[in-house]
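So in the numbering used here, spot 290 of the sequence shown is number 289, and the numbers just go up one at a time. Don't be surprised by glycine CBs; every beta carbon is placed ideally from N, CA and C. Predicted, not measured: the structure shown is a model, and the values here were computed from it. What follows is one structure encoded as structure tokens, with my remarks underneath.
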Amino acid sequence: MYFSPTLVLAALPFLVAAAPFEERSSIGISIPIVKHSGFRSADGVVDIAKLQAGRQRTLAKIQRGFEAFERNTGAAHPSASQLKRSTKRGKGDPLTDHSAELWYGSITVGTPAVTYTVDFDTGSSDLFLPGSNCDSTCSGHTLYDPSSSSASSDVGKTFKLQYGDGSTVSGEQYTDTVTLAGFKATRQRLGAATTYSSGFRSQRFPADGLLGMGYESLSSYGASPVFQSLVSQGQVSTPVFSFYFAESGSELFIGGTNQNHFTGSFTYMPVTTQGYWQGSFGGISVNGKTVISGQGAIIDTGTTQVVGDTQGVQAIYDQIPGSKDIGSGTWTIPCNFNTPVSITFSGKVFKISASTFNLGPESSGSSTCIGGFGASDDLGFWIVGDVFLQNVYTTFDLGNNRVGFASLA
């Protein structure tokens, strides 16, 4: 097993397997993560309504981030004007309906440590868990009880997260010890929720909570996110985290990169504004023909599709034989789809496999499937989600403010 130089400091392969939550300093380590697709039924059929709802809630999440950015920095986010505020009118439950694809793994919180599972989301910046006073909607989840942790402290502040239909989730803010892959963040801000929506019930959302990995400027708490705390507290010497997404064996790597999962060198997209992991791509091509050029893009592990403006996405599907616009930002494609689609970052072309572009059949036994690109009239930039990210090894470099992509091994 060969890891990046960060790992050469110690003989870690056996430690990773034996004790993923032991305290470590300045050494990279991986967290196994599991895929959950909330928009597919057991037989793989796509629930189109859930897919569309998840996309709308992604836009509402981005809008909330823009609002937090302005509160925290005193200036509007440069991309805020490119997202119509009508996205806040979308329908949804408090604390969102997680009908999208998510990638979740384990962390521990408190002293003594209690293990929780969280969805790792680069499109937000806060950590929240279901609190011990959460109502029956939290049934099936592990509840966070701050009174049981000697390291917890009530901040004396509430939090309120507003969602697509104007509904909210509120709770108390605390600080506590949070351990991620053996790295320990002390006095870490987190929220203890009092209500979970139907979309967060354990049958539909297997993770207990969510851990945001965006920049501090997006924090609804106005506080340092977990990974930034690990860096500032000297727990992680290399301010980098990386994702490998696959049907099995997926991982989040903290403190560097895992060279078992990629080949060649990284191609980097500079972050243009330290809020989202946001920059720009050079183009999107279909069958070797450039259809979209030079667009801003947010890299978001919490989004299933690649999402763009309706005109741009329509232009892409116009190049795919047999595709059809079925409304609400969704297109079908033939299930035997094999048209090459790629996205270019910093001059490097990265292909999207047919298997990831094809989200699954629209009905049981159908020869028509749902395409991996979705659209919104409200959007003036692109959101690059799992349909692309499953085709590359992705590293988020906080120290150099850039996102890197490499070919899978």
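Bounds of any alpha helix (DSSP H) do not take in GLN389, whose DSSP letter is neither H nor E. Leaving aside the five residues that flank SER247 on each side, none in its chain has a CB nearer than 8 Å to its CB.
By alpha-carbon distance to ILE283, the top candidate from GLY364, SER365, PHE387 is PHE387.
One alpha carbon belongs to SER228, the other to VAL177, and they sit about 10 Å apart. Going by DSSP, GLN277 is part of the beta strand (DSSP E) stretching over 277–285.
GLN304 is not a Cβ neighbour of LEU142, given a cutoff of 9 Å.
Straight through space, the alpha carbons of GLN55 and ALA314 are spaced by roughly 21 Å. In the three-state reduction of the DSSP assignment, LEU58 falls in the helix class, which pools H, G and I.
For PHE240, the enclosing beta strand (DSSP E) covers residues 239–243.
Nearest in C-alpha terms to ILE319, of all of PHE336, GLN310, VAL306, is PHE336. Note that the C-beta distance between GLY139 and MET268 is not below 9 Å. Between the beta-carbon of ILE351 and that of SER341 there is about 6 Å, and that keeps the pair under the 8 Å contact cut. DSSP, read as helix, strand or coil, puts THR355 in helix. Where SER264 is concerned, the enclosing beta strand (DSSP E) starts and stops at 261–269. By the beta-carbon neighbour count (other beta carbons within 10 angstroms, threshold 16), GLN62 is buried.
Contact check between the stretch 363–378 and the stretch 392–408: fewer than three CB pairs, one atom from each, fall below 8 Å, which does not count as touching.
Taking a contact as a CB-CB distance under 8 Å, the pair GLY170 and THR193 counts as one, their CB atoms being some 5 Å apart. In chain order, GLY109 place their CB closer than 7 Å to the CB of SER147, counting only its own chain and leaving out the 5 sequence neighbours on each side. Note: GLU250 is bridge-paired with PRO31, TYR243 in the DSSP secondary-structure output. Note that the stretch 326–333 touches the stretch 368–382; at least 3 beta-carbon pairs, one per stretch, sit closer than 8 Å. Measuring C-alpha to C-alpha distances from GLY301 to each of SER78, ASP385, ASN71 identifies ASP385 as the nearest. Between THR72 and the set GLY274, SER322, PRO339, PRO129, the nearest pair of CA atoms involves GLY274.
In this structure, SER78 lies near PHE380, with their beta-carbon atoms less than 9 Å apart. One alpha carbon belongs to VAL45, the other to ASN357, and they sit about 10 Å apart.
Ranked by how close their Cα comes to the Cα of ARG188, the residues PRO129, LYS34, TYR220, PRO31 have TYR220 in first place. A straight-line Cα-Cα distance of about 10 Å links PRO31 and TRP102. When DSSP states are grouped into helix, strand and coil, GLU361 belongs to the coil group. If you check the CB distance, SER152 and ALA67 do not come in under 9 Å.
Between SER223 and ALA405, the gap from beta carbon to beta carbon reaches 9 Å or more. If you ignore the 5 residues before and after ASP376, its C-beta comes within less than 6 Å of the C-beta of THR309, all in its own chain and listed in chain order.
Within the model, the alpha-carbon separation for ASP42 versus GLY293 is close to 38 Å.
Collapsing the DSSP output to three states places PHE349 in a strand. For the pair GLY53 and LYS60, the Cα-to-Cα distance works out to about 10 Å.
Inter-residue distance for GLY278 and HIS260 is about 24 Å (C-alpha atoms, whole angstroms). In the three-state DSSP reduction, LEU142 falls in the coil class, being neither helix nor strand.
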